[in-house]
Structure formats: C-alpha cells, structure tokens
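A.B. asks: Quick one: this structure, given as structure tokens, is what I'll be asking you about.
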Amino acid sequence: MKTIVVLGAGYAGLRVVRELVDHKANAKIVLINKNSYHYESTQLHEVAIGSKSPNDISLNIRDVIGNQVDFIEDEVVKIDRQNKKVELKSKSTVSYDYLVTCLGFESETFGIKGADEFGLPIIDIDTALVAKKHLEETLARFQSSHDENDLHIAVCGAGFTSIEYIGELLHRLPDFVKRFNLPAEKIKIYCIEAAPKVLPMFDPKLVDYAVNYLKNQGVEFYTETPITEVKKGAVISKDKAFNANTIIWTTGVKGSHVINDSGYTQKRNRVAVQNDLSSSDDPNEFIIGDVSAVPSPDGRFYPTTGQISVAQATLAASNIIAKLNNQKTSPFTYHSLGTVCSLGPTNGVAELSFMGHWKLKGHKVAPLKRIVNDRTVFELVGFKAMMSSK
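At position 211 of the sequence shown (counting the first as 1) the number is 1598 in the working numbering, and the numbers step up by one without a gap.
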C-alpha cells in the first residue's frame, strides 16, 4: 500500500486529509504537525488583543481526523526529496510515496534592521499571546512609568491582519482605559505602510470607508512610508521616528523556512508549481497553501489566502487519488467567493462574488465574518467538530 504524507494541519492540510478519507483513498495517510491543534489563523488578531482565548479558535487534531489517519505531533526539519523521506525534530524520519507540503507561513521582515528583535508578529497562537501580554503589560506600566510611549502603538503594515488588529484594538480600548486607569486622549495608534494604499485587494470606496472609520477613532495612517529600521521604542522611516513601546509587525508573510532548507527553487520560501499543483521536480509531490506559488490565467500568481488554500487542497487530494488509479490529473481553477475584513466585531468591509457581485460596508458586514469562519471550519472538519469549537 502506498503512503501519503501531509505536512501541516492548517486550512490546506486538514482539507487534504478530509478529502482523502472521504473519497476512500487506497493508501496509508499520515499527517504531521508540530502542534496537537489546528487554529483559525484569520482570528489570531482577536487572541492578540484578548477578545478571544486560544481555545476559542482551536480544534484538537486527533478529534478531527479520527482513526483513519496516522497523526504525528512533531516538527518538520527538512524534506529529503531524493530519498523520499521527511526528517523530524525528534530525529525520526517518515517515508512517503506521495507528499503534500502545506507547512504554512512565517513573518516576513524584508531584512529590515531590528524588526525581528523589536517587532511583535502575529503568525500563530504563541506569537499572538506574546503580543497580547506585551500590550497589556505596557499599557498597565504607564501608571508607574508616566512614559507616554507606553500609550503609543505602532502597527507596521496595512494589509488584512494589520487593519483587523487595529479594528479589534479600538473596540477593546474603552476596556483597557477603564482597567488600567489610562488617559484616553493620550493613546496613539499609528499604521505605517510602505505602499501607497491600505487594503490593496479591496475596491477604493471600501478602502476609503475603512480608513475613514478608523481615522475618526484616532488612528493615524502613514502610507508611502517605508520602514528603514525598528528600534526599541521606535519605528524609523528615513528621518522620521514613530515612538511607541508596542510595535506590531504585520508587514507580510513568507512560506516556511523548511522550503529553503530542503533545497527547493523558491522565492520567499514559496515554490512555483505546475498547474495541477505538483512540483516540477516530482509529479508525486504537491505543494499548496502558503508555501506554493500557483499561476493564475493572467500569468501572475494567486495570493495566499485560506480560501485559496482550501481549494488547492481539494484538487491536490483529487489528483493524488487520480494517480493512485492511474488516471490523469486536473489543472487548478479558482473562483473567489469574496473577501471580508472586520473593523472590530461590529463593523467591516466586504466584497462578495456569489449570486452577483456585492460591495458591502458597515454594521451589516459584521455577521459575515462569523459565517465565513464557520463555513471554513465546517468544510475542513465537519459539523460536529465545528460545534465543539464554540
């Protein structure tokens, strides 16, 4: 019997496993993940603010996959592609006939001095909890320090995570002011972005709504402001300094370092794949999610989103089953159902592409985020697991 090894239990990894099980793939299925849980990465900003706990956004992997899949809780160190083995941190190895690599993302610092040392990324539950602890301790410290920089928060980047973090932060600020007895008028929130536009994936009118909504609550936006250095207590852009003792680093992400360590031809730890999502070097190896670069019909690469990762996973599983049955693989096609960006729990912007094309803003968008999250969990792991996560 052939062995299919799936690396990573994010959106893509769990979807692959579920599809292989549901379609009764005639193979041994092994899932490897460094944690015992799957977490909803689209809700990490809520953990980083303290609106949700890790349990609110996590699922136990063993509960989800049942007994039809072998689960190994270990960290992938390297893929020995020549010998078709995965090397693990525990020093053990796992052999495979088919490999699905979906190891997820890491924070991208673009080589900016001090970003790794002084910036707080939000890329997993551990980093979200570190950011939460730092924010709360820094705000609380103001009573003894009287340092106004303890009340300043610099958010580096203006993409999805940045804007959703800021929206959630604004929602929680009244609680922080009351809890730590803070002077609300002295709190400053900076959003610093090198590009000329905030939320570049959205229609300009929706972007204007989001920016004005946040500006009206005191957020200061600085676009076309490339960060040249991060210091303790300051973000530097050429000759301008943004003084803040909480620095959130959400400028972008790259794929897992395992990709580079395993000798792939890559850019930012992403591998350009064939149109059936297989590696150009090995037709029995599929690379999906945040570690893949998938060509779109216009010649560019699709963005790396949870929605696209789930679609890739569905096709990767189908193509592996086709190979097991000596059938042809199929190319990747994708139609986005839309995008929702929350501005706290009661507001947001959205572009939806089903039953027409919808551009929505305001309070009516807020429930959509929960619907999207619930649907994703349902598609990944089923109704029972979805309800157990609530």
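Just so you know, even glycine gets a beta-carbon here, dropped at the ideal spot from N, CA and C. In this text the structure is predicted, and so the values were computed from the model without any measurement.
#1: Looking at C-alpha atoms only, which residue of 1467, 1448 and 1413 is the closest neighbour of residue 1668?
#2: Let's test the definition: count the other Cβ atoms within 10 Å of the Cβ of residue 1710 and tell me whether it reaches 16, buried, or not, exposed.
#3: Return the bridge partner residues of residue 1447 from the DSSP annotation.
#4: Can you tell me which residues form a DSSP beta bridge with residue 1486?
#5: Between the alpha carbons of residue 1771 and residue 1445, how many angstroms are there, rounded?
#6: Considering only their Cβ atoms, is the gap separating residue 1679 from residue 1672 smaller than 8 Å?
#7: Does the distance from the CB of residue 1391 to the CB of residue 1420 come in under 8 Å?
#8: Would you list the one or two residues that DSSP bridges to residue 1658?
#9: Considering only DSSP beta bridges, list what residue 1623 is partnered with.
#10: Restricting to Cα atoms, I'd like to know which of 1699, 1755 and 1621 is closest to residue 1506.
#11: Taking the runs of the beta strand (DSSP E) that are 3 residues or longer, which of them lie wholly in the segment 1530 to 1567?
#12: In angstroms with no decimal places, state the Cα-to-Cα distance between residue 1631 and residue 1536.
#13: Just tell me which of 1513, 1660, 1580 and 1526 has its CA closest to the CA of residue 1348.
#14: Return the bridge partner residues of residue 1508 from the DSSP annotation.
#15: Going by beta carbon distance, what residues of the same chain come within less than 6 Å of residue 1389, once the five residues before and after it are set aside?
#16: Out of 1451, 1516 and 1684, state which residue places its alpha-carbon closest to the alpha-carbon of residue 1434.
#17: In this structure, how does DSSP classify residue 1777 when only helix, strand and coil are distinguished?
#18: Rounded to whole angstroms, what is the Cα-Cα separation between residue 1398 and residue 1492?
#19: Measure the C-alpha to C-alpha separation of residue 1775 and residue 1626 and round it to an integer number of angstroms.
#20: Using C-beta distances below 7 Å, list every residue in its chain close to residue 1544, excluding the 5 sequence neighbours before and after it, in chain order.
#21: Let's see if you can read the secondary structure: which residues bound the beta strand (DSSP E) around residue 1474?
#22: Which word fits residue 1428, buried or exposed, when buried means at least 16 other C-beta atoms lie within 10 angstroms of its C-beta?
#23: Excluding five sequence neighbours on each side, which residues of the same chain lie with their C-beta closer than 7 Å to the C-beta of residue 1548?
#24: Residue 1781 by DSSP, collapsed to three states: which one?
#25: Does residue 1660 have its Cβ less than 8 Å from a Cβ in chain C?
#26: Below 6 Å CB to CB, which residues in the same chain sit around residue 1610 once its five sequence neighbours on both sides are set aside?
#27: Could you say if the segment 1728 to 1737 and the segment 1746 to 1754 meet the contact criterion of at least three C-beta pairs nearer than 8 Å?
#28: Please determine, among 1619, 1395, 1714 and 1723, the residue with the shortest C-alpha to C-alpha distance to residue 1426.
#29: Within a Cβ cutoff of 7 Å, which residues of the same chain sit near residue 1718, ignoring the five residues on either side of it in sequence?
C.D. replies: Answer, in terms of the structure:
#1: Checking every option, the nearest Cα to that of residue 1668 belongs to 1467.
#2: By the neighbour-count rule (16 or more Cβ atoms within 10 Å), residue 1710 is buried.
#3: Per DSSP, the beta bridge partners of residue 1447 are 1424.
#4: Answer is 1392 and 1672, bridged to residue 1486.
#5: Since pLDDT at residue 1771 reaches only 41, below the 50 mark, its modelled position is unreliable, and the value read off the structure follows with that caveat. Taking the straight line from one Cα to the other gives about 14 Å.
#6: Not a contact, by the Cβ cut-off of 8 Å.
#7: Taking 8 Å as the Cβ cut-off, residue 1391 and residue 1420 do not qualify as a contacting pair.
#8: Beta-bridge annotation (DSSP): residue 1658 is paired with 1679.
#9: In DSSP, residue 1623 forms a bridge with 1616 and 1628.
#10: Looking only at 1699, 1755 and 1621, the smallest Cα-Cα distance to residue 1506 is reached by 1621.
#11: For the segment 1530 to 1567, whole beta strand (DSSP E) runs of length 3 or above, ordered along the chain, are 1539 to 1543.
#12: Approximately 5 Å, taken between the alpha carbons.
#13: Residue 1348 is absent from the model: the chain starts at 1388 and stops at 1777.
#14: Answer is 1636, bridged to residue 1508.
#15: Setting aside the 5 residues that flank it on each side, residue 1389 is surrounded in the same chain by 1414 and 1484, each with a C-beta closer than 6 Å to its C-beta; the list follows chain order.
#16: Closest option to residue 1434, Cα to Cα, is 1516.
#17: At residue 1777 the pLDDT is 42, less than 50, meaning the model places this residue with poor confidence and gives no usable figure here.
#18: Each residue's alpha carbon lies about 12 Å from the other.
#19: At residue 1775, the pLDDT of 42 sits below 50, so the modelled position is not reliable and the matter cannot be decided from this model.
#20: Cβ within range, chain order: 1580, 1637, 1638 and 1639.
#21: First-last of the beta strand (DSSP E) with residue 1474: 1472 to 1475.
#22: For residue 1428, the number of other beta carbons within 10 angstroms of its own is at least 16, and it is reported as buried.
#23: Same-chain partners within the cutoff: 1432, 1509 and 1637.
#24: Residue 1781 cannot be examined here, being either before or after the span of the chain that is shown, 1388 to 1777.
#25: Of the protein chains in this structure there is only one, and it is not chain C.
#26: 1580 and 1583, listed in sequence order.
#27: Contact between the segment 1728 to 1737 and the segment 1746 to 1754 is present, because at least three Cβ pairs lie under 8 Å.
#28: Measuring C-alpha to C-alpha distances from residue 1426 to each of 1619, 1395, 1714 and 1723 identifies 1395 as the nearest.
#29: Within its own chain, the residues whose Cβ lies closer than 7 Å to the Cβ of residue 1718, once the five positions on either side in sequence are excluded, are 1662 and 1663, listed in chain order.
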